[in-house]
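A.B. asks: Residue numbers (the numbering used here), protein chains in the order written: chain R, 1 to 355; chain U, 1001 to 1355.
All C-beta atoms, glycine included, are put in the ideal place defined by N, C-alpha and C.
Please see the structure below; I have some questions.
Protein chains: 2
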Amino acid sequence: MPTQACVADAPHIEVNSMDRKNMRDVAARAGVSQATVSRVVHSPHLVKPNTRQKVAAAMEEVGYVYNTVAADFTRQKNSMIGLIIFTVRSSIHSELIEGIQEELESTRFSLVIANSRYDEATERKLIQLFRERNLSGVIVAETTDENRPELKTLQESGVPLVLTWQMAADPDFDCVGIDNHRSAYDMTKYLIGLGHERIGLIAGNFDRIERVRQRLEGYRLALEEAGIAFDPAIVTSREPSPMEGKMAMSQLLALQRRPTAVFAASDALALGALAACGEYGLRVPDDISVSGFDDVDFAPFCVPPLTTVRVPGYEMGKRAVRAILDQHEWNGHGPIRLCLPTELVIRGSCAAPNR
Amino acid sequence: MPTQACVADAPHIEVNSMDRKNMRDVAARAGVSQATVSRVVHSPHLVKPNTRQKVAAAMEEVGYVYNTVAADFTRQKNSMIGLIIFTVRSSIHSELIEGIQEELESTRFSLVIANSRYDEATERKLIQLFRERNLSGVIVAETTDENRPELKTLQESGVPLVLTWQMAADPDFDCVGIDNHRSAYDMTKYLIGLGHERIGLIAGNFDRIERVRQRLEGYRLALEEAGIAFDPAIVTSREPSPMEGKMAMSQLLALQRRPTAVFAASDALALGALAACGEYGLRVPDDISVSGFDDVDFAPFCVPPLTTVRVPGYEMGKRAVRAILDQHEWNGHGPIRLCLPTELVIRGSCAAPNR
DNA sequence: GGACAAAATGAATACGATTTCATTACGTGC
DNA sequence: GCACGTAATGAAATCGTATTCATTTTGTCC
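Following this line, the structure appears as structure tokens:
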């Protein structure tokens, strides 16, 4: 049987760079079995130093490149971790991603990102795609409530799953998040403490996103405790971009009884809000207070520097990865529910109301 | 031979959710061959409607989930596209990533992101990892010059490769980029046109990054044409974060002969620069002009709104993906070198120098 | 140097899709 | 109803690794 033809009688034919060598080729070259080559790669301690060296040399000689796809197939697991997210267009998500990558670096995993752009159908499609991909784990940064069942299915099919950014009400999900309720409560209380009684809220979509709803509830609780009536007229729902923040703020400023302070549920929104104030000729914080959420890299550089809630995005990413790796090790694992601390960062964008 | 045991005589045993069904199971259920199931998935038109329906029903019944890992193995290609980047911590990269994702959505590919955090060794490791992964394509957003050989190796091993953000001097690389030289030249010329003669530059690392060097050269050319001597004392090299921008700017402002205008090679740097000006009691643009590069989402919301260079990051991402898909179709393809237009966006952060 | 345990290696198989080639079913024209 | 071409399906090979189990080699102790 002609096991290696191809080079037959056409010496001018260039060696196709695409004919990748495999472990069998290496084994043949080194005079060992393919199993031994595999062992050299994964458990060198099982191989005699002498043999190990021969194999290493052979790998070098034939130009061997490990085939992860084949390995993944064999062990029935993709060497990838998935991230489900609405959009990467936000500094705080960048922090999360960097944390994830940092922690992944010492492992054999890579990161696959799926972003759903706030669309529930797209999201469902992406979850399905992840299921087909046999990922070794999935970090859920952002989802709509509607797709919780799909996530559960994914989890039940044996994929380690971790929710971030929140402590999910559903105890079946592992979480590495923050206390959104508490954080929003603290910020609102801080504004109340400054003397504000009419506090606007620019949030995300609280109908569909648990994390946003948690913040809304925190805001409401603080108001309630202070005996301030909740006024839906000064609560708006937006996607977290500066432009949307500006529009939302303009809307609030056009109101008959405009708020004296506005709590934006992300720094991006707050940035836009600041711009809107400027256009209305309002000085921040003298005429109106604005606060954000996340403490992204530009927050200290806003004018005025943004008072906000520090969220440990980077740390969250690292911890989420560790949670997944943990699930791999003791795969009959207990629930992981880690709540990372947030911190009120007081800068210059909030002050007592101007009467 | 017992092809389907398991359910034998222990009705209380729960069906393990992890025992995923494969095409053979579906085929058995539908009373067809496994090949037919495969055809139903990929080329339904080859299968009689009647059969197609039977197979679809069988898939439903056994809870079949397509196994991408196995498919990837079979066709010796990973259904993933890679992205090599320094860091995702930048709005302009977010735009690129969104563009990529958008374009990928209608395909069977997912995006794997590798970030090297400006470290050349890490980068090399990641390129190697990508090589082992048999990716269907790699988009290179950022690399150091040192690793060009590794990229070439990757390309030669048959992976469609596209460089973004720049038109590489090396003609072997396909590019979907912008004219950095020209863009920087235009901005510098604009500042000169306003009357500035002492123009600082806060750039990235021009020793290691071609794209940054191209911008530096554009800057120099504009100066030269205007008969202004290049002064290395007012040219600094920084990683693109607001904090670094602030530090760089502080340094420039502390100079004996401080610049009257500063061109920051990214908006993030410019943002920090603005803050530094504020701390020095300088009004922008009255006392000093500051310009940026990228036109990220927060640029219009800076105080004052940032004059910058609009870079079509989103479009670049989409085009890069298309370039890769093109390489798949006609895989004896000609070189792709697409240069997208940039645009000088004049807002409020630059004015004539104050004499 | 022989016995025995431990270490090192090899042989063989499984993983689940794609794809080629062969074969059968179907339909049409005479 | 026969022949023929096309459509539909099946059988079988293949991809490259991990892994189990059997076998050989090595080393140690008396």
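Any beta-carbon of chain R closer than 8 Å to the one on P1242 (chain U)?
C.D. replies: What you label residue 1242 (chain U) is simply residue 242 of the second sequence in a count that begins at 1. P1242 (chain U) counts as touching chain R.
A.B. asks: Could you give the DSSP three-state label for F1301 (chain U): helix, strand or coil?
C.D. replies: What you label residue 1301 (chain U) is simply residue 301 of the second sequence in a count that begins at 1. It is helical.
A.B. asks: Compare the C-beta of N67 (chain R) against all C-beta atoms of chain U and say whether one is closer than 8 Å.
C.D. replies: Taking the first residue of the first sequence as position 1, residue 67 (chain R) is located at position 67. Yes, contact with chain U.
A.B. asks: If you draw a straight line from the C-alpha of P353 (chain R) to the C-alpha of R257 (chain R), how long is it?
C.D. replies: Working through the first sequence from its first residue, we reach residue 353 (chain R) at position 353. Working through the first sequence from its first residue, we reach residue 257 (chain R) at position 257. Spanning the two alpha carbons is a distance of roughly 14 Å.
A.B. asks: Excluding the five sequence neighbours on either side, which residues of its own chain have a C-beta within less than 7 Å of the C-beta of V159 (chain R), listed in chain order?
C.D. replies: Here the question's residue 159 (chain R) lines up with position 159 in the first sequence. L135, G137 and V138.
A.B. asks: Enumerated in chain order, which unbroken segments of the alpha helix (DSSP H) with a length of 4 residues or greater are wholly contained in the stretch 1034–1067 of chain U?
C.D. replies: Whole alpha helix (DSSP H) segments, 4+ residues: 1034–1042 and 1049–1062.
A.B. asks: Is the separation between the beta-carbon of I100 (chain R) and that of L83 (chain R) shorter than 8 Å?
C.D. replies: Residue 100 (chain R) sits at position 100 when you count from the first residue of the first sequence. Residue 83 (chain R) sits at position 83 when you count from the first residue of the first sequence. Cβ distance < 8 Å, so I100 (chain R) and L83 (chain R) count as in contact.
A.B. asks: Could you name the residues of chain R that N983 (chain U) contacts, counting a contact when the two beta carbons are closer than 7 Å?
C.D. replies: One cannot answer for residue 983 (chain U) here, as it falls past the ends of chain U, which runs 1001 to 1355.
A.B. asks: Does any CB atom of chain R fall closer than 8 Å to the CB of S1094 (chain U)?
C.D. replies: In the second sequence, residue 1094 (chain U) corresponds to position 94, counting from 1. Yes, its Cβ sits closer than 8 Å to a Cβ of chain R.
A.B. asks: Rounded to a whole number of angstroms, what is the C-alpha to C-alpha distance between H196 (chain R) and G1348 (chain U)?
C.D. replies: Working through the first sequence from its first residue, we reach residue 196 (chain R) at position 196. Working through the second sequence from its first residue, we reach residue 1348 (chain U) at position 348. Taking the straight line from one Cα to the other gives about 33 Å.
A.B. asks: If the cut-off is 9 Å on Cβ atoms, which residues from the stretch 1259–1282 of chain U count as contacting chain R, listed in chain order?
C.D. replies: The residues in question are A1268, L1271, G1272, L1274, A1275 and G1278.
A.B. asks: Judging by CA-CA distance, which residue of R:H328, R:R108 and R:E244 is the nearest neighbour of L269 (chain R)?
C.D. replies: On the first sequence, residue 269 (chain R) is found 269 positions in, with the first residue counted as 1. Checking every option, the nearest Cα to that of L269 (chain R) belongs to R:E244.
A.B. asks: I'd like to know whether the C-beta of M1080 (chain U) is nearer than 8 Å to at least one C-beta of chain R.
C.D. replies: By 1-based counting over the second sequence, the position of residue 1080 (chain U) is 80. Answer yes: the Cβ-Cβ gap between M1080 (chain U) and chain R drops below 8 Å somewhere.
A.B. asks: Could you please give the first and the last residue of the uninterrupted beta strand (DSSP E) stretch that includes L83 (chain R)?
C.D. replies: Numbered from its first residue, the first sequence carries residue 83 (chain R) at position 83. L83 (chain R) -> beta strand (DSSP E) spans M80 to I85.
A.B. asks: Can you look up R148 (chain R) in the DSSP assignment and give me helix, strand or coil?
C.D. replies: To locate residue 148 (chain R), count along the first sequence from 1; it is residue 148. Helix.
A.B. asks: Can you say whether N50 (chain R) is buried or exposed, counting buried as having 16 or more other CB atoms within 10 angstroms of its CB?
C.D. replies: Within the first sequence, the letter at position 50 stands for residue 50 (chain R). Per the 10 Å Cβ criterion, exposed.
A.B. asks: Between S1070 (chain U) and chain R, is there a C-beta pair that is closer than 8 Å?
C.D. replies: Position 70 of the second sequence, counted from the start, is the residue given in the question as residue 1070 (chain U). In the sequence on display, residue 1070 (chain U) carries Ala and not Ser. Chain R, which has a Cβ nearer than 8 Å to the Cβ of A1070 (chain U), makes this yes.
A.B. asks: Tell me the rounded alpha-carbon separation between D380 (chain R) and F1263 (chain U).
C.D. replies: Outside the shown range of chain R (1 to 355) lies residue 380 (chain R), about which nothing can therefore be said.
A.B. asks: Is the Cβ of S1110 (chain U) closer than 8 Å to any Cβ of chain R?
C.D. replies: As a position in the second sequence, residue 1110 (chain U) is number 110, starting the count at 1. Answer yes: the Cβ-Cβ gap between S1110 (chain U) and chain R drops below 8 Å somewhere.
A.B. asks: Quick one: is C350 (chain R) buried, meaning 16 or more other Cβ sit within 10 Å of its Cβ, or exposed?
C.D. replies: Taking the first sequence and counting its residues from 1, one reaches residue 350 (chain R) at position 350. Buried, since its Cβ has 16 or more Cβ neighbours within 10 Å.
A.B. asks: Assuming G227 (chain R) and A184 (chain R) make a contact with CB atoms under 8 Å, what is their CB distance in whole Å?
C.D. replies: Looking up residue 227 (chain R) in the first sequence gives position 227. Looking up residue 184 (chain R) in the first sequence gives position 184. In fact, because the Cβ distance is near 18 Å, the residues do not count as touching under 8 Å.
A.B. asks: Going by CA-CA distance only, name the one from U:L1223, U:A1222, U:R1220 and U:L1282 that's closest to M1249 (chain U).
C.D. replies: As a first step, residue 1249 (chain U) is located in the second sequence; it is residue number 249 there, counting from the start. Minimum Cα distance to M1249 (chain U) is reached at U:L1282.
A.B. asks: Contact criterion: CB-CB distance below 8 Å. Does E1103 (chain U) meet it with respect to chain R?
C.D. replies: As a first step, residue 1103 (chain U) must be located in the second sequence, where it is residue number 103. Cβ-Cβ to chain R under 8 Å: no for E1103 (chain U).
A.B. asks: Quick check: is the beta carbon of N147 (chain R) nearer than 8 Å to any beta carbon in chain U?
C.D. replies: Translated into the one-based positions of the first sequence, residue 147 (chain R) becomes position 147. No - not a single Cβ of chain U is within 8 Å of the one on N147 (chain R).
A.B. asks: Among R:R213, R:E224, R:E102 and R:L221, whose alpha-carbon lies nearest the alpha-carbon of T236 (chain R)?
C.D. replies: Looking up residue 236 (chain R) in the first sequence gives position 236. Closest by alpha carbon: R:R213.
A.B. asks: By a C-beta neighbour count over all protein chains shown, 10 Å radius and 16 as the cutoff for buried, is D1119 (chain U) buried or exposed?
C.D. replies: As a working mapping, residue 1119 (chain U) is identified with position 119 in the second sequence. Under this definition D1119 (chain U) is an exposed residue.
A.B. asks: What in chain R is Cβ-close to L1253 (chain U), meaning under 7 Å?
C.D. replies: Sequence index remark: in the second sequence, residue 1253 (chain U) carries index 253 (1-based). Per Cβ cutoff of 7 Å: no residues; L1253 (chain U) is ~16 Å from chain R at best.
A.B. asks: If you compare alpha carbons, which of R:Y190, R:S157, R:I113 and R:D145 is closest to D170 (chain R)?
C.D. replies: Within the first sequence, numbered from 1, the residue matching residue 170 (chain R) stands at position 170. For the residues R:Y190, R:S157, R:I113 and R:D145, the minimum Cα distance to D170 (chain R) belongs to R:D145.
A.B. asks: Kindly list, in the order they appear in chain R, the residues whose Cβ is closer than 9 Å to that of I1127 (chain U).
C.D. replies: Locating residue 1127 (chain U) in the second sequence gives position 127, where the first residue counts as 1. Near I1127 (chain U) there are no residues of chain R at all, since even the closest Cβ is about 12 Å away, more than 9 Å.
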